[in-house]
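First comes the structure, then the notes that go with it.
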Amino acid sequence: MRIFGLALLWAGTCLGQFPGDAVILETSEAGETLLLSGRETDLDVPREPASTFKSVIAWAALDRGLVKDVEAPLPGADGENLRMALQKSLNSPFDLLAVELGGDLLGEYAGRSGLIPDKIPSRWMEGREKEARHGVDLMTTIRREHQMAVGWMMGKPPWNGEAGRKLQDALLWKEAEKPIRAKTGTYGGSVWVTGYGPGKAVTVWLPGGIPRRPEALKIFFGRWEIPVPTS
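Per the working numbering: the sequence shown = residues 340 to 570.
Quick look at the structure:
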C-alpha cells in the first residue's frame with residue numbers, strides 16, 4: 340500500500356498512545372509515511388470533508404483574486420482575516436465566497452485539489468450554497484486528506500503557485516509554539532485536523548462531533564510535542 344508512491348509503514352510502537360477509534364497518518368519530509376493509529380482499510384472509506392473543504396474555497400478565492408491579502412478583514416467574518424476565519428472555521432465568509440465563485444468554478448478547484456476523488460456533478464451546489472462550506476455531498480477519504488497535507492508541505496502542484504503559497508500563509512496558526520499550518524473540520528460524523536509543521540505532515544481523523552475537536556487538536560499538535568494554541 341502506497342501514498343504518493345511512498346511506502347506505508349505500520350507504526351506498532353505507537354499502539355496504545357491514541358484513542359482506539361482514531362486514524363492518524365504522518366509523513367516525514369523524507370517521504371516516509373506511518374499509520375500511527377487505525378487500519379489500512381480505514382483510509383479509503385468515503386467521508387464528508389467537513390470544514391477542511393474551506394481550504395479549497397480559500398485557495399479558489401485567492402487564485403481568482405476575490406481575496407488578495409490573507410491578513411485583511413474578510414467580508415462576513417466580523418472583522419477577522421482569512422487566516423483567522425480558517426483557524427476558527429467561520430461559516431459566513433466561506434458561504435459568501437462559495438456563492439461568488441459559483442458551483443462550476445468551485446467544483447473545478449475541488450477536483451484539482453485532489454481532495455475530492457470523483458467527477459464533480461454539474462450543479463452540485465445549486466440550491467445548497469450554505470452547505471458548500473462542507474462540500475455539500477462531495478466525499479473525500481482519509482488518504483486524500485493526507486495527500487493534500489503532504490502536497491502543502493512538499494509544495495507540489497497545484498499548491499506551488501502564488502495562490503497555493505498564499506494559502507499556506509492563511510493556514511498558519513501563529514499562536515502555536517512552532518510554525519504549524521492546519522485546517523480542522525467537524526461535520527457529518529467526522530472530526531478532522533490535517534496539516535503540516537517542522538519535519539512532517541499529519542492527518543488526524545476521529546468519529547464524532549464538535550465535543551471531540553479538542554481531542555483531535557491535542558493529538559495533532561502533540562505530534563510536535565507542543566500544546567494546542569489558544570486563539
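Note that CB positions come from ideal geometry on N, CA and C, so glycine has one too. All values derive from a computational prediction rather than experimental measurement.
Those runs of the beta strand (DSSP E) which lie wholly inside the stretch 499-549 and span at least 3 residues: 520-526, 529-536, 539-546
Secondary structure of Met340, DSSP reduced to three states: As a first step, residue 340 is located in the sequence shown; it is residue number 1 there, counting from the start. Because Met340 sits at a pLDDT of 37, beneath the cut-off of 50, its placement in the model cannot be relied upon, and the point is left open.
Cβ pair Thr391, Gly524 closer than 8 Å: Position 52 of the sequence shown, counted from the start, is the residue given in the question as residue 391. Position 185 of the sequence shown, counted from the start, is the residue given in the question as residue 524. Against a cut-off of 8 Å, the Cβ pair of Gly524 and Thr391 comes out as a contact.
Bridge partner(s) assigned by DSSP for Arg422: For this step, residue 422 is matched to residue 83 along the sequence shown. None; Arg422 has no bridge partner.
Assigned secondary structure, Asp412 (DSSP; H/G/I helix, E/B strand, else coil): Sequence index remark: in the sequence shown, residue 412 carries index 73 (1-based). As written in the sequence, residue 412 is Pro, which differs from the Asp given in the question. Three-state result, Pro412: strand.
Spatially closest choice to Gly415 from Leu425, Leu435, Ala400, by CA coordinates: The count along the sequence shown starts at 1 and reaches residue 415 at position 76. With distances taken between Cα atoms, Gly415 lies closest to Leu435.
Ser461 (DSSP reduced to helix, strand or coil): Walking along the sequence shown from the start, residue 461 turns up at place 122. Note: Ser461 maps to coil in three-state DSSP.
Segment contact flag, the stretch 509-516 with the stretch 560-569, C-beta cutoff 8 Å, min 3 pairs: yes
Complete runs of the beta strand (DSSP E) confined to the stretch 360-397 [at least 3 residues]: 362-367, 372-376
Cβ-based neighbour list, Arg422, same chain, cut-off 6 Å, excluding 5 preceding and 5 following: As a first step, residue 422 is located in the sequence shown; it is residue number 83 there, counting from the start. So the qualifying residues of the chain are Val409, Ala509.
Three-state class that DSSP yields for Thr352 in the structure shown: Here residue 352 corresponds to residue number 13 of the sequence shown, with the count starting at 1. Below a pLDDT of 50, predicted positions are generally treated as unreliable, and Thr352, at 37, falls in that range; the measurement from the model is reported next regardless. In this structure, Thr352 counts as helix in the three-state DSSP scheme.
Distance, Gln507 Cα to Ala397 Cα: Counted from its first residue, the sequence shown places residue 397 at position 58. Counted from its first residue, the sequence shown places residue 507 at position 168. Their backbone Cα atoms lie some 10 Å apart in a straight line.
Spatial neighbours of Phe559 in its chain, beta-carbon cut-off 7 Å, leaving aside the 5 residues before and after: On the sequence shown, residue 559 is found 220 positions in, with the first residue counted as 1. Here the set comprises Ala521, Val532, Val541, Val543.
Residues bridged to Thr479 (per DSSP): Residue numbering aside, residue 479 sits at position 140 when the sequence shown is read from its first letter. In the DSSP output, where bridge partners are listed per residue, Thr479 has Arg386.
Residue closest to Lys458, alpha-carbon to alpha-carbon, out of Glu371, Ser394, Tyr448, Arg467: The sequence position of residue 458 within the sequence shown is 119, counting from 1. Minimum Cα distance to Lys458 is reached at Tyr448.
Residue range of the alpha helix (DSSP H) that includes Ala437: Along the sequence shown, one-based indexing puts residue 437 at 98. Taken as a continuous stretch (DSSP letters only), the alpha helix (DSSP H) holding Ala437 covers 431-440.
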